[in-house]
Amino acid sequence: MTEKLTIGRRRLMGASALGAAGWIAGGGGWMLAPRGALAADPIKMGIATDITGAIAPGGNANWQVAQFTVEQINKAGGIGGRPIELYLEDTASDPKVAVGNVRKLIQERKVNVVLGGITSAMRQAIKDPIVNRGRTLYIYPQLYEGQECTKHLYCTGPTPAQQCDKLIPYLIKTVGKKRFAMPSANYVWPQLLNKYARKVIEANGGEVVFEEYYPLDQAEYSATIGKIRDGKVDCVFNTVIPPGLQPFVKQLYESGFQKNGGVLSCVYYDENLLNYHPAQEMEGLYSCLDYFLSVDDPFSKQLQVDYAKKFPDTKYPFTAGSASTGMYRGIKFYEAAVKATNGDLSREAVSAAMDKAKIDQGPGGGAEMVPGKMHCKMNMYIAQCKVDAGKTRYDVIESDKMVDPKEC
Amino acid sequence: MGIEVKLAFDLLAFISVMVLIVLGLGIIASMMGIFNFAHGEFVLLGAYTVYLFESNGLSAWAGIVAAPVVLALLGLLLERFIIRRFYAAPIIAMLGTYAIGLVIREIVRGLLGGHYKSIAEPLPGVITMFGVDFSAWRTFIVLTTICIIAATWLFLSRTSIGLQVRGSLENPNLARACGISTSKLYAFTFAFGAALAGLAGALIVPLYQLSADIGTRFLVQAFLSVMLGGVGTFEGPVLGAAAVGGMAAGLPWLVIPVLADPLVFVIALVIVKFRPQGFITQGRL
Chain A
1 MTEKLTIGRR RLMGASALGA AGWIAGGGGW MLAPRGALAA DPIKMGIATD
51 ITGAIAPGGN ANWQVAQFTV EQINKAGGIG GRPIELYLED TASDPKVAVG
101 NVRKLIQERK VNVVLGGITS AMRQAIKDPI VNRGRTLYIY PQLYEGQECT
151 KHLYCTGPTP AQQCDKLIPY LIKTVGKKRF AMPSANYVWP QLLNKYARKV
201 IEANGGEVVF EEYYPLDQAE YSATIGKIRD GKVDCVFNTV IPPGLQPFVK
251 QLYESGFQKN GGVLSCVYYD ENLLNYHPAQ EMEGLYSCLD YFLSVDDPFS
301 KQLQVDYAKK FPDTKYPFTA GSASTGMYRG IKFYEAAVKA TNGDLSREAV
351 SAAMDKAKID QGPGGGAEMV PGKMHCKMNM YIAQCKVDAG KTRYDVIESD
401 KMVDPKEC
Chain B
1001 MGIEVKLAFD LLAFISVMVL IVLGLGIIAS MMGIFNFAHG EFVLLGAYTV
1051 YLFESNGLSA WAGIVAAPVV LALLGLLLER FIIRRFYAAP IIAMLGTYAI
1101 GLVIREIVRG LLGGHYKSIA EPLPGVITMF GVDFSAWRTF IVLTTICIIA
1151 ATWLFLSRTS IGLQVRGSLE NPNLARACGI STSKLYAFTF AFGAALAGLA
1201 GALIVPLYQL SADIGTRFLV QAFLSVMLGG VGTFEGPVLG AAAVGGMAAG
1251 LPWLVIPVLA DPLVFVIALV IVKFRPQGFI TQGRL
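Protein chains in written order, with this note's numbering: chain A, 1 to 408; chain B, 1001 to 1285.
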């Protein structure tokens, strides 16, 4: 399927309903042309995300947020009078498939910018076809392990410094936990995040009792629970991910860890992920992200109202953990940058403007690029999970304005 | 001392889960000579049945009772229209059942939107014995597994249908000559294996949460169990599952966890090297 596929609003609604059910077939790619697209020369924005496969919940949320944000921009007159055209390619949670599909965005669609990728493996796979061979600007929206300092690649999600610098001292000094365990899934994000977190723990007078890595789908954790108990661990800093996560959390809960005063913290946990567990297992969990639904600022609240209007009863809420807030920020940064260049879309010009781009508002607050660092300062929130009548929610405990990403 | 008992109990619970999953696979492999690669998805459908019941406001218990029935019916249908054509070609049967499994898995993934769904234990809380808390649901699983093993064994070794099943396995031609309808028996056996898979899925899902891959997680280890225990007997796969489950849960105590998984395979393969027929060879063709 190489023909250009232009679809109207109605067809697209149908398509996104299919996408919402997880049934969009990869390979074709979609284009969302704004109304009156012919009026001015449009700006072409490529979204490369995981519509199918294991990361599909995150990818579909990203795609919905991209549609939502672009629609808002187009309704307000586009960028300097030029509308944005959205092109979607499915990266299918599989870097091998992704490279080919991303090339389509660059070579056939000739997009001006690509946003997307959720896992680090995906970013590593698609950054070369986009940035080096494709000579195109790339914006990566997910919270991640840091150390990505490629020119023309901008990261709009939180870094380890942003997630740990506030949370870990809080756990040690305010909550009073000193002995940490780091159970982790065996891949790059936990390994590099733990390296950073360990430094912060030790600098604050805490101690890492053990740091251990598991296959991603491990189903039995009695050995780990034994170590947690023997080591008198009082804080579990968890980076195990689903599907290995649920049995771990259940066994930890059953062992009475929380009942005996232990604390579980997990820095990628948003509202979506709470639903992966029975409520009582999540009670008291600490997370640290750039946004929670309970963040009480009028702009974020309005954003949620509008999002719910566009995608009523969606399975893919607009939350922080699955790169959605980073996607919103990325598109708005790009808008700000193109405004600054007065519509010059050449990569060098936009990239130079991106470097000092600033957005005043967004989910959880505004954000600004740190010049020369390709990462952005943003507000960070520490929240704790509370349970009311079997329903989970996050209570924001502390927030910090414009936290430095400390990268590059 | 309490915690040791408890962790030993967790080990036992995991072995029970493994045995539950392997039982249906073992019976189909042993009694029919079909390696059912859709077994993981039968487990998934059992779990999904409980989820459907729960999300429609019905009791999870009803879902657990319904799961084996639903899977038995599905098993009958699949056997009648698809599996039956594969009896002469076991290799093609593997590919065919793999395809069936893939279709089921991806449909369920679509229905779930790729999400994980949490299903609460129908028996929440703990049972306290000798001052140690045992998870009520894990206890229920251990006891149910023991009952199912006993019932299945009695059924296959002490009833006339069981005798016919075993007879058809040893010599289908002679069985047919004696007036036994082997095609009906095979259909029944396949449905029975599928029902056990459905029950396994329904029972384990509160421990792991529902996702499209819940069955695939266990499938390879389940096949390893059958290989280790020996095809052609009932007891073999059960023992194999106990060994594999015990190793998978026990090895992380001794080596780093990422090594434990491959080590299970290495140890199992070494055992198979010295006992290529599996633990139990009696009753084999």
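Even glycine gets a Cβ: it sits at the ideal position worked out from N, Cα and C.
Would residue i and residue j qualify as a contact pair, given that the criterion is a beta-carbon distance under 7 Å?
{"i": "B:Leu1044", "j": "B:Ile1214", "result": "yes"}
{"i": "B:Tyr1208", "j": "A:Pro247", "result": "yes"}
{"i": "B:Val1142", "j": "B:Ser1225", "result": "no"}
{"i": "A:Asn112", "j": "A:Lys44", "result": "yes"}
{"i": "A:Phe237", "j": "A:Ser255", "result": "no"}
{"i": "A:Val396", "j": "A:Met380", "result": "no"}
{"i": "A:Tyr196", "j": "A:Pro160", "result": "yes"}
{"i": "A:Val188", "j": "A:Ile168", "result": "no"}
{"i": "B:Val1022", "j": "B:Ala1241", "result": "yes"}
{"i": "A:Met374", "j": "A:Tyr154", "result": "yes"}
{"i": "B:Gly1167", "j": "B:Gly1230", "result": "no"}
{"i": "A:Lys356", "j": "A:Pro371", "result": "yes"}
{"i": "A:Ala185", "j": "A:Phe210", "result": "no"}
{"i": "B:Ala1280", "j": "B:Thr1233", "result": "Reading off the sequence, residue 1280 of chain B comes out as Ile, not Ala. The answer is yes: Cβ separation under 7 Å."}
{"i": "A:Gly157", "j": "A:Leu143", "result": "yes"}
{"i": "B:Ala1194", "j": "B:Ala1072", "result": "yes"}
{"i": "A:Val263", "j": "A:Cys288", "result": "no"}
{"i": "A:Ala121", "j": "A:Pro95", "result": "yes"}
{"i": "B:Val1132", "j": "B:Lys1006", "result": "yes"}
{"i": "B:Glu1054", "j": "B:Ile1104", "result": "no"}
{"i": "A:Leu88", "j": "A:Ile47", "result": "yes"}
{"i": "B:Gly990", "j": "B:Leu1196", "result": "In this structure chain B extends from 1001 to 1285, so residue 990 of chain B is not present and cannot be described."}
{"i": "A:Asp270", "j": "A:Gly205", "result": "no"}
{"i": "B:Lys1117", "j": "B:Leu1058", "result": "no"}
Taking the continuous beta strand (DSSP E) assigned at residue i, which residues delimit it?
{"i": "A:Met402", "result": "Lys391 to Val403"}
{"i": "A:Val113", "result": "Val113 to Gly116"}
{"i": "A:Pro183", "result": "Arg179 to Ala185"}
{"i": "B:Asp1213", "result": "Looking at the DSSP string, B:Asp1213 is not in any beta strand (DSSP E), and its letter there is neither H nor E."}
{"i": "A:Lys44", "result": "Ile43 to Thr49"}
{"i": "B:Ser1135", "result": "Val1132 to Ser1135"}
{"i": "A:Asp313", "result": "Counting along the chain, A:Asp313 falls outside any beta strand (DSSP E), and DSSP gives it neither H nor E."}
{"i": "B:Leu1163", "result": "B:Leu1163 -> not in any beta strand (DSSP E); alpha helix (DSSP H) instead, spanning Ser1160 to Glu1170."}
Can you tell me whether residue i is buried or exposed, with buried defined as 16 or more other CB within 10 angstroms of its CB?
{"i": "B:Met1129", "result": "exposed"}
{"i": "A:Asp360", "result": "exposed"}
{"i": "A:Arg133", "result": "exposed"}
{"i": "A:Cys376", "result": "buried"}
{"i": "A:Glu145", "result": "buried"}
{"i": "A:Ile228", "result": "buried"}
{"i": "B:Trp1061", "result": "exposed"}
{"i": "A:Thr69", "result": "buried"}
{"i": "A:Gln163", "result": "buried"}
{"i": "A:Lys332", "result": "buried"}
{"i": "A:Glu202", "result": "exposed"}
{"i": "B:Arg1085", "result": "exposed"}
{"i": "A:Val97", "result": "buried"}
{"i": "A:Glu108", "result": "exposed"}
For residue i, go through chain B and note every residue whose CB falls closer than 9 Å to its CB, in chain order.
{"i": "A:Ala223", "result": "Leu1007, Ala1249, Gly1250, Leu1251, Pro1252, Trp1253, Leu1254, Pro1257 and Ala1260"}
By the criterion of Cβ-Cβ separation under 7 Å, what are the contact partners of residue i in chain B?
{"i": "A:Gln218", "result": "Pro1257"}
{"i": "A:Lys315", "result": "Gly1113 and His1115"}
{"i": "A:Glu254", "result": "Ser1135"}
{"i": "A:Asn186", "result": "Val1258"}
Look up residue i in the DSSP assignment and give the residues it is bridged to.
{"i": "A:Glu368", "result": "A:Lys358 and A:Lys377"}
{"i": "A:Tyr286", "result": "A:Ser265 and A:Gln384"}
{"i": "A:Met327", "result": "None, per the DSSP bridge assignment."}
{"i": "B:Ala1038", "result": "B:Ala1038 pairs with nothing; no bridge assigned."}
{"i": "A:Thr239", "result": "A:Ser184"}
{"i": "A:Lys250", "result": "Beta-bridge pairing links A:Lys250 to no other residue."}
{"i": "A:Tyr140", "result": "A:Cys155"}
{"i": "B:Val1126", "result": "B:Ser1135"}
Within the continuous alpha helix (DSSP H) that includes residue i, where are the two ends?
{"i": "B:Ile1064", "result": "Ala1060 to Phe1081"}
{"i": "A:Cys164", "result": "Pro160 to Cys164"}
{"i": "B:Phe1014", "result": "Gly1002 to Met1032"}
What residues from chain B crowd round residue i, counting only those whose CB sits closer than 8 Å?
{"i": "A:Gln251", "result": "Asp1010"}
{"i": "A:Glu212", "result": "Ile1256 and Pro1257"}
Report the neighbours of residue i on chain A: residues whose CB is nearer than 8 Å to its CB, in chain order.
{"i": "B:Phe1014", "result": "Ala219, Glu220 and Ser222"}
Using a cut-off of 7 Å between C-beta atoms, extract the partners of residue i located in chain A.
{"i": "B:Leu1207", "result": "Pro247 and Lys250"}
{"i": "B:Ala1120", "result": "Pro278"}
So is the beta-carbon of residue i under 6 Å away from any non-hydrogen atom of the ligand NAP?
{"i": "A:Val131", "result": "Looking for the ligand NAP in the displayed structure turns up nothing, as the structure carries no ligands at all."}
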